[in-house]
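The next block holds one structure in the form of structure tokens; read it before the comments.
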Amino acid sequence: MIAIKGMTMPENCAYCPCLYTDYQGWHCGTKEGKDKKICQDSLYFSQRPSWCPLVDIDNGKT
Numbered sequence: 020m021i022a023i024k025g026m027t028m029p030e031n032c033a034y035c036p037c038l039y040t041d042y043q044g045w046h047c048g049t050k051e052g053k054d055k056k057i058c059q060d061s062l063y064f065s066q067r068p069s070w071c072p073l074v075d076i077d078n079g080k081t
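Residue 68 in the numbering used here sits at position 49 of the sequence shown; the count goes up by one each step and never skips.
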């Protein structure tokens, strides 16, 4: 498990730090999404996909 301190949960792929681009388009940089191409006008830019591996964790603050 990897936790990124101070990171807020992205609302969709457009705001995700795992999103990367190459000459073939936009892609998910996670292991679960490595073979998935993300289109700019797709569902992934309006909400997080069901296969997204990111989860919100309790950071211990009260």
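The C-beta atom is built at its ideal place from N, Cα and C for all residues, glycine as well.
Assignment of beta-bridge partners to Tyr39 by DSSP yields His46. Closest by C-alpha distance to Glu51, out of Tyr42, Cys71 and Asp41, is Cys71. Asn31 and Thr49 have their C-alpha atoms some 14 angstroms from each other. Looking at Ala33, Val74 and Lys56, the one whose alpha-carbon comes closest to that of Ser65 is Ala33.
With fewer than 16 other Cβ atoms inside 10 Å of its own Cβ, Ile23 counts as exposed.
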